[in-house]
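Down below is the structure, laid out as structure tokens.
2 protein chains.
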Amino acid sequence: MGDSDVKPVRKRGPRRSEGGAVTLRHVAERVALSPATVSMVLNQAPAAAAIPSETQERIFAAVRELNYRPNYLARSLRSRRTYSVGVLVPEISEPYAAEVMSGIEGHLLETGYHYLVASHRRSNASLLHEYIDLMRDRAVEGLILVASELRQPPALPAVVVSGHVPLPGVTNVVIDHDRAAADTLGHLAALGHRRIAFFKGQPGSADTDDRWRAIAEAAQELGLVVRPELTVQLSGEPSLATFSPADGYEEGYTFGRTLLERGVEFTALFAFDDVSAIGAIRAFLDAGLRVPEDVSVVGFDDIQSAAYHNPRLTTVRQPLRRMGEIAARILLGRIGGEQAGAQPFVTVAPELVVRGSTAPAPRRRAKRER
Amino acid sequence: MGDSDVKPVRKRGPRRSEGGAVTLRHVAERVALSPATVSMVLNQAPAAAAIPSETQERIFAAVRELNYRPNYLARSLRSRRTYSVGVLVPEISEPYAAEVMSGIEGHLLETGYHYLVASHRRSNASLLHEYIDLMRDRAVEGLILVASELRQPPALPAVVVSGHVPLPGVTNVVIDHDRAAADTLGHLAALGHRRIAFFKGQPGSADTDDRWRAIAEAAQELGLVVRPELTVQLSGEPSLATFSPADGYEEGYTFGRTLLERGVEFTALFAFDDVSAIGAIRAFLDAGLRVPEDVSVVGFDDIQSAAYHNPRLTTVRQPLRRMGEIAARILLGRIGGEQAGAQPFVTVAPELVVRGSTAPAPRRRAKRER
DNA sequence: GCCCATTGCTGAATCGTTTTACTAGTGATA
DNA sequence: TATCACTAGTAAAACGATTCAGCAATGGGC
């Protein structure tokens, strides 16, 4: 037995040219047609209508046999389409962003798009724009900004989730803050709360100002006063102590304590989001207060864990996943050429979800107030 | 005065050729050099050493003036580098995945890499591999799989976070499950718990089997029995009721109730992760039980909210962010050609964090048991 | 005066597609 | 019988970089 019966060792599957991957040319050679024809057929270009279906079948068969996969880079370079978008979030690990992204992703993948992500970590506006440039360099066809405030209109179609700045060419997906504020403060007022504390959002956050305005208006409407001593603004800065990205829970905890330390009585807190609400609740509990018996807390967003917290969190539900999906849908529409779709705002409805973290204002406290 | 003094209306900034973007050729023309030279200098190719620094300065100046930005697609096509990797997670909105991704992102962006994400939603193994192919088509240079079980070795460098299958060319970043199980069960045993319930992980999850094996061994070591009546396996399937992606909290709630309904007494639950632990706690509370007085609960992961839950969650800390970072670092090393780095496992240490959700086993229950 | 190394660059091929313009043949129509 | 409209393709030029082989000039060593 010589070498003759030793079968040459070869990997299974179609053999590839030395270079590596199977290219369009290999397919073309296999069916004895030009690359142009093969390309047209594979893309179902209008001109492919002239190619008899028999030939088309031959091409498809060859593609399958060779397991041909078009080179994305070459294709995109030439056709100027990348089918990818960029997503910018404050911090990917925050439940808010994560849920919005889940909605974005759902729609994008369904449509054959992919996406790049970057967290700007509530750095400064210039980092945000730097990231935008980076994504543009990567040839994304559009951008979705989540809860991030744009300074200048980007050179690309863009949609901002929870954005409030009307910029040419960008659409903002927002909830109706007036209703959210009116519902929430109405709920608290009905429970007898008069001294209400507030967490105001981070300066960089797109929702902050609009929400705050809505709260001020709703408060006035209801005859409630928004006291400076009872409001704190979340900083949104990475906590230096841990050298880790901003931890919203910790911030809520810290500022919840701040509120307590100020010594000014309050019977309720309307937090900026669920995460800071949960942090604050922890601070209150640790200080020996009961929630909701001593102090009621309302969150915002209705993140998944809100309903499972103890107490179950009363909160303003934002349909985060849906907002992400809507944003993706609008963006793809715009990329697809719907110029008409450039409306500056798309509004979705919030819903006050009353759970266990709110209760009637305590008598004792109410008395002491006078 | 004719047309001559009407200045042509032009956008400000560097004028661009009709085509649109500034290309390498424009820069080359501006400095009266060949594109080859400009390219070499910009990339600091070895051959660029021969170009006098004066010329180099001229080139850089032109680049700035024209605001030249290299075309990513063209560059990648030619150089066969894309500086991007793919990240596959079960579901981007789950805290576990979100935190790991945060770590991954941190390292990648620092290094000039970008990443694509896709959630396979614990579908089936074939969808996972389909996504892998999709990412490969997008020319990613490597893959990071998070808590996802690989069937075949992918044709790309890959790192699996929480992976346990040794495959050629893939590195798994895992925690020491034996220690985690020993510590946790030791803690519970020391508190007098004998009848311990368990949540076993989803079938598709990479950690499930190894963790379970470690639990079984540790239990035996401690003389504890793992009773089938007291163990339930999380399904990981999207809940049909809500038609939304799998909600881990809800699952924890459901299976927490299941446990109760079985009517078999237990004084502690070792959940598969923090999310299911929180869901289960909610179920116990709703059933009128107190945590930890009536039943102790231990989670796994130490997600951010764990420390802020009520009660504060006792849990096994996995350094998720760091694991993500490690995964990214290893992957980039491998992409950079470190063949040596292909060790099958990298282990990080877990840490049992004892908080408020565990307490001594209740006397009454312990008595009844006999 | 010759050879060689170094300096400073360039031309042209190449990556793998898409796309435009064109051709050659074939019936049908005017 | 010229013209026209299809049919069934092809050749070659993009797209915008990188990269390799090479070349002219200069200076130094022998």
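Here the protein sequences line up with chains A and B, keeping their order. Residue numbers 251 to 620, in our numbering, belong to the letters of the first sequence in order. Residue numbers 251 to 620, in our numbering, belong to the letters of the second sequence in order. Using N, Cα and C, we set each Cβ at its ideal position, and we do this for glycine too.
At what residues does the alpha helix (DSSP H) containing residue 524(B) begin and finish?
Looking at the DSSP string, the run of the alpha helix (DSSP H) that includes residue 524(B) is 524-536.
Cβ atoms of residue 346(B) and residue 354(B): under 8 Å apart, would you say?
It is not a contact, given that the beta carbons lie outside the stated cut-off.
Is the beta carbon of residue 531(B) sitting closer than 8 Å to the one on residue 541(B)?
Going by C-beta atoms, residue 531(B) is nearer than 8 Å to residue 541(B).
Would the beta-carbon of residue 392(A) fall within 8 Å of that of residue 407(A)?
For residue 392(A) and residue 407(A), yes; Cβs fall inside 8 Å.
Under the three-state reduction of DSSP, which class applies to residue 277(B): helix, strand or coil?
It is helical.
Since residue 429(B) and residue 479(B) are thought to touch, with beta carbons under 8 Å apart, how far apart are those beta carbons, to the nearest angstrom?
The Cβ separation is near 27 Å, so there is no contact.
How is residue 504(B) classed by DSSP in three states: helix, strand or coil?
If DSSP states are grouped into helix, strand and coil, residue 504(B) belongs with the helices.
Taking the C-alpha atoms as reference points, what is the distance between residue 427(B) and residue 555(B)?
If you take the alpha carbons of residue 427(B) and residue 555(B), they lie about 22 Å apart.
Output needed in chain order: residues of the region 386-407 of chain A with a Cβ under 9 Å from some Cβ in chain B.
For the region 386-407 of chain A, which is checked against every Cβ of chain B, the residues closer than 9 Å are 386, 387, 388, 389.
Among the residues of its own chain, which have a CB less than 6 Å from the CB of residue 290(B), if the five just before and after it don't count?
Taken in chain order, the residues that qualify are 297, 298.
Who are the near neighbours of residue 389(B) in its chain, counting only those whose CB is closer than 6 Å to its CB and skipping five residues on each side?
Excluding sequence neighbours, residue 389(B) sits near 332.
Per the contact definition of three or more C-beta pairs closer than 8 Å, is the region 501-521 of chain B in contact with the region 308-318 of chain B?
Contact fails: fewer than three Cβ-Cβ distances are below 8 Å.
Compute the Euclidean distance between the alpha carbons of residue 612(A) and residue 519(B), then round it to the nearest angstrom.
Cα-Cα distance, rounded: 36 Å.
Could you name the residues of chain A that residue 529(B) contacts, counting a contact when the two beta carbons are closer than 8 Å?
Those within 8 Å of residue 529(B) in chain A are 558.
Mind checking whether residue 348(B) and residue 343(A) have CB atoms under 8 Å apart?
A contact, by the Cβ cut-off of 8 Å.
For residue 455(A) and residue 474(B), I'd like the C-alpha separation in whole angstroms.
Cα-Cα distance, rounded: 51 Å.
Throw me the rounded Cβ distance for the residue 609(A) and residue 546(A) pair, which I believe falls under 8 Å.
About 6 Å separates the two Cβ atoms, so the contact holds.
Looking at the secondary structure, which residues open and close the alpha helix (DSSP H) in which residue 427(B) lies?
Segment 427-440, the alpha helix (DSSP H) holding residue 427(B).
For residue 575(A), decide whether its Cβ has a neighbour in chain B, counting only Cβ atoms nearer than 8 Å.
Output row for residue 575(A): interface = no.
Here's the rule I'm using: 16 or more other beta-carbon atoms within 10 Å means buried, otherwise exposed. How should residue 360(B) be labelled?
Its Cβ having fewer than 16 others within 10 Å, residue 360(B) is exposed.
Does the region 593-602 of chain A come within contact of the region 568-584 of chain A, defined as at least 3 CB pairs closer than 8 Å?
In short, these stretches touch, since the Cβ pair count reaches three.
Assuming residue 358(A) is part of the alpha helix (DSSP H), what are its boundary residues?
Run containing residue 358(A): 345-360, per the alpha helix (DSSP H) assignment.
Would residue 567(A) and residue 603(A) qualify as a contact pair, given that the criterion is a beta-carbon distance under 8 Å?
Yes; because the gap between Cβ atoms is below 8 Å, this pair is in contact.
Could you give the distance in angstroms between the alpha-carbon of residue 446(B) and the alpha-carbon of residue 325(B)?
Taking the straight line joining both Cα atoms gives about 58 Å.
Rank 585(A), 529(A), 565(A), 549(A) by C-alpha distance to the C-alpha of residue 562(B) and give the top, closest one.
Here the closest residue by C-alpha is 529(A).
So, are the CB atoms of residue 559(B) and residue 414(A) less than 8 Å apart?
Contact flag unset, no.
Between the Cα of residue 448(B) and those of 468(B), 476(B), 412(B), spot the shortest distance and give me the residue it belongs to.
The residue with the shortest Cα to Cα distance from residue 448(B) is 476(B).
Using a Cβ-Cβ cut-off of less than 8 Å, list which residues of the region 312-337 of chain B approach chain A; keep chain order.
Within the region 312-337 of chain B, the residues whose Cβ lies closer than 8 Å to some Cβ of chain A are 319, 320, 321, 322, 323, 324, 326, 327, 332, 334, listed in chain order.
Rounded to the nearest angstrom, what separates residue 403(A) and residue 500(B) at their Cα positions?
The straight-line gap from Cα to Cα measures roughly 41 Å.
Buried or exposed for residue 422(B), please, with buried defined as at least 16 other CB atoms from any protein chain shown within 10 angstroms of its CB.
Flag for residue 422(B) reads buried.
Which residues in chain B sit within 8 Å of residue 346(A), going by Cβ to Cβ distance?
What residue 346(A) touches in chain B: nothing, since even the nearest Cβ is about 10 Å away.
Kindly indicate which three-state DSSP category residue 471(A) falls into: helix, strand or coil?
Reduced to three states, the DSSP call for residue 471(A) is helix.
Does DSSP put residue 483(B) in a helix, in a strand, or in coil?
Residue state, collapsed to three classes: strand.
Short of 7 Å in beta carbon distance, which residues of its chain neighbour residue 506(A), apart from the five on each side in sequence? Order them along the chain.
Correct list, in chain order: 529, 530, 533, 534.
How is residue 398(B) classed by DSSP in three states: helix, strand or coil?
Note: residue 398(B) maps to strand in three-state DSSP.
For residue 458(A), list the residues DSSP reports as bridge partners.
For residue 458(A), which the question treats as bridged, DSSP gives no partner whatsoever.
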